[in-house]
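Undergrad: Count along the sequence shown starting at 1, add 3, and that's the number in our numbering. First, the structure itself, so that you have it in front of you.
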Amino acid sequence: MIRQDLLLRAVVPAPVLTAGVFAGGFSPLAWATGVVYGLALVLLTEWGLRRSGRGAFGPADWITFARALLVGCAAALIAEGGFSLGWLAGLVGVALLLDGLDGQVARRTGTASEFGARFDMEVDAFLILLLCIQVSHALGPWVLAIGLMRYAFVAASWAVPWLTAPLYPSMARKTVAAVQGVVLVVAVSALLPPSVTLAAVALALASLVWSFGRDVAWLARHRVEPARVTTLTRASLRRPLGYGHNQAA
Numbered sequence: 004m005i006r007q008d009l010l011l012r013a014v015v016p017a018p019v020l021t022a023g024v025f026a027g028g029f030s031p032l033a034w035a036t037g038v039v040y041g042l043a044l045v046l047l048t049e050w051g052l053r054r055s056g057r058g059a060f061g062p063a064d065w066i067t068f069a070r071a072l073l074v075g076c077a078a079a080l081i082a083e084g085g086f087s088l089g090w091l092a093g094l095v096g097v098a099l100l101l102d103g104l105d106g107q108v109a110r111r112t113g114t115a116s117e118f119g120a121r122f123d124m125e126v127d128a129f130l131i132l133l134l135c136i137q138v139s140h141a142l143g144p145w146v147l148a149i150g151l152m153r154y155a156f157v158a159a160s161w162a163v164p165w166l167t168a169p170l171y172p173s174m175a176r177k178t179v180a181a182v183q184g185v186v187l188v189v190a191v192s193a194l195l196p197p198s199v200t201l202a203a204v205a206l207a208l209a210s211l212v213w214s215f216g217r218d219v220a221w222l223a224r225h226r227v228e229p230a231r232v233t234t235l236t237r238a239s240l241r242r243p244l245g246y247g248h249n250q251a252a
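Structure below.
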């Protein structure tokens, strides 16, 4: 029997992503992006739930899911091109405004989980990468470093397990992460002169390099044995969600 939770996650993305495809001009590329994204969203969330031992979404997960659908619409627009920048900026602006709400709901309802934290992190990371792709058309491929840095960090952690250890809470880290989204949305909207936009994105990248570099240096000084990494990561879920590069973008 198909669970109601799974049925909703399988059915809801279709009309939402279709709206994104429509805005993208109903081109084959926009359709392919919407279909692939929708299937990946359903399959990966189901895989994540099963792996974590959970049977269904919690209230905060549905907020993250809604954000993921907005990101999917943005992906369809960017894949097609030739759209209104204001429409794209509006979509990603709402997605960014909703960021943090899912974490608050999870804490207030006592439903914070490893799955929820990872889901939120992946949506944030993919949104930043999409924005970088769009901005790179105007400023150059170097902008992609912002969106790819988190994925490079994860790839490095496969070879260096101590990079997956939880990080200490840091307001500076949260601020740097938030700045990336704000700066990239402003860059996408083309509201500022090109020279100002270029400087802002360059400063955002520099701050991200500093933040990642500082945390990698801290992790190197406080190396944790691989056997303890999993235990410490689970324990970190008692802290506010989304404060580390290994747990947030």
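Note that the Cβ used here is the ideal one computed from N, Cα and C, for glycine as well. Keep in mind the model is a prediction, meaning the values are calculated, not measured.
Have a look at Ala69, Trp90, Val186 and flag the residue whose alpha-carbon is nearest the alpha-carbon of cysteine 135.
TA: Start at 1 with the first residue of the sequence shown, and residue 135 comes out as number 132. Answer by Cα proximity: Val186.
Undergrad: Report the start-end ranges of each alpha helix (DSSP H) in the region 92-131 that is 4 residues or longer and not cut off at the edges.
TA: Taking 4 residues as the minimum length, the alpha helix (DSSP H) runs contained wholly in the region 92-131 are 104-112, in order along the chain.
Undergrad: Within 10 angstroms of its Cβ, does proline 197 collect 16 or more other Cβ (buried), or is it exposed?
TA: Taking the sequence shown and counting its residues from 1, the one referred to as residue 197 is at position 194. When all chains shown are included, proline 197 counts as exposed.
Undergrad: In whole angstroms, give me the CA-to-CA distance for alanine 205 and valine 191.
TA: Walking along the sequence shown from the start, residue 205 turns up at place 202. Walking along the sequence shown from the start, residue 191 turns up at place 188. The C-alpha of valine 191 is placed about 14 Å away from the C-alpha of alanine 205.
Undergrad: Is histidine 140 helix, strand or coil by DSSP?
TA: Position 137 of the sequence shown, counting from 1, holds the residue named residue 140. It is helical.
Undergrad: Relative to the C-alpha of valine 39, which candidate in Phe68, Leu130, Gly51, Ala78 has its C-alpha closest?
TA: Residue mapping note: residue 39 aligns to position 36 of the sequence shown, counting from 1. With distances taken between Cα atoms, valine 39 lies closest to Ala78.
Undergrad: For the region 113-123 against the region 200-218, do three or more pairs of beta-carbon atoms, one drawn from each stretch, fall closer than 8 Å, so that the two count as touching?
TA: no
Undergrad: With a Cβ-Cβ cutoff of 8 Å, do glutamate 83 and alanine 141 count as a contact?
TA: Here residue 83 is taken as the residue at index 80 of the sequence shown, counted from 1. Here residue 141 is taken as the residue at index 138 of the sequence shown, counted from 1. No, the Cβ-Cβ distance between glutamate 83 and alanine 141 is not below 8 Å.
Undergrad: DSSP three-state call for methionine 4: helix, strand or coil?
TA: The residue you call residue 4 lines up with position 1 of the sequence shown. With a pLDDT of 41 at methionine 4, under the threshold of 50, the predicted position of this residue should be treated as unreliable, though the coordinate-derived value follows. It is coil, neither helix nor strand.
Undergrad: Indicate the three-state DSSP secondary structure (helix, strand or coil) for serine 30 in the structure shown.
TA: For this step, residue 30 is matched to residue 27 along the sequence shown. If DSSP states are grouped into helix, strand and coil, serine 30 belongs with coil.
Undergrad: How would you label arginine 153, buried or exposed, when you count the other beta carbons within 10 angstroms and need 16 or more for buried?
TA: Here residue 153 refers to the residue found at position 150 when the sequence shown is read from its first residue. Around the beta-carbon of arginine 153, 16 or more other beta-carbon atoms lie within 10 Å, marking it buried.
Undergrad: Under 8 Å between C-beta atoms, does leucine 99 make it to chain C?
TA: In the structure shown, chain C cannot be found, because there is only a single protein chain.
Undergrad: Taking the continuous alpha helix (DSSP H) assigned at valine 212, which residues delimit it?
TA: In the sequence shown, the residue the question calls residue 212 occupies position 209. Start and end: 197-224.
Undergrad: Taking arginine 70 as the reference, which of Tyr171, Leu195, Leu100 has the closest Cα?
TA: For the purposes of this step, residue 70 is taken as residue 67 along the sequence shown, with counting starting at 1. The shortest C-alpha separation from arginine 70 is found at Leu100.
Undergrad: Can you name, in chain order, every residue of its own chain whose Cβ lies under 7 Å from the Cβ of valine 179, other than the five neighbours on each side?
TA: Against the sequence shown, residue 179 aligns to sequence position 176. Here the set comprises Ser210, Leu211, Ser214.
Undergrad: Classify glycine 184 as helix, strand or coil using the three-state DSSP reduction.
TA: Translated into the one-based positions of the sequence shown, residue 184 becomes position 181. The answer is helix: DSSP assigns glycine 184 an H, G or I state.
Undergrad: Are glycine 75 and glycine 37 touching if we call contact CB-CB under 8 Å?
TA: For the purposes of this step, residue 75 is identified with residue 72 of the sequence shown, where counting begins at 1. For the purposes of this step, residue 37 is identified with residue 34 of the sequence shown, where counting begins at 1. Yes, Cβ-Cβ distance for glycine 75 and glycine 37 is below 8 Å.
Undergrad: Go through its chain and collect everything with a Cβ distance to tryptophan 221's Cβ below 6 Å, but skip five positions before and after it.
TA: Within the sequence shown, numbered from 1, the residue matching residue 221 stands at position 218. So the list is empty, once near-sequence residues are dropped.
Undergrad: Quick check on the DSSP output: what are the complete alpha helix (DSSP H) runs of length 4 or more inside the region 33-91, in order along the chain?
TA: 62-83
Undergrad: If you follow the alpha helix (DSSP H) that tryptophan 161 is part of, which residue opens it and which one closes it?
TA: Here residue 161 corresponds to residue number 158 of the sequence shown, with the count starting at 1. Unbroken alpha helix (DSSP H) run through tryptophan 161: 147-162.
Undergrad: Alpha carbon to alpha carbon, what distance is there between tryptophan 50 and alanine 92?
TA: Against the sequence shown, residue 92 aligns to sequence position 89. Against the sequence shown, residue 50 aligns to sequence position 47. Straight-line Cα distance between these residues: approximately 31 Å.
Undergrad: Quick one: any contact between the region 56-66 and the region 116-129, if contact means 3 or more CB pairs under 8 Å?
TA: yes
Undergrad: Can you grab the Cα-Cα spacing for the pair tryptophan 161 / threonine 167, in whole Å?
TA: On the sequence shown, residue 161 is found 158 positions in, with the first residue counted as 1. On the sequence shown, residue 167 is found 164 positions in, with the first residue counted as 1. Tryptophan 161 and threonine 167: Cα-Cα distance of roughly 9 Å.
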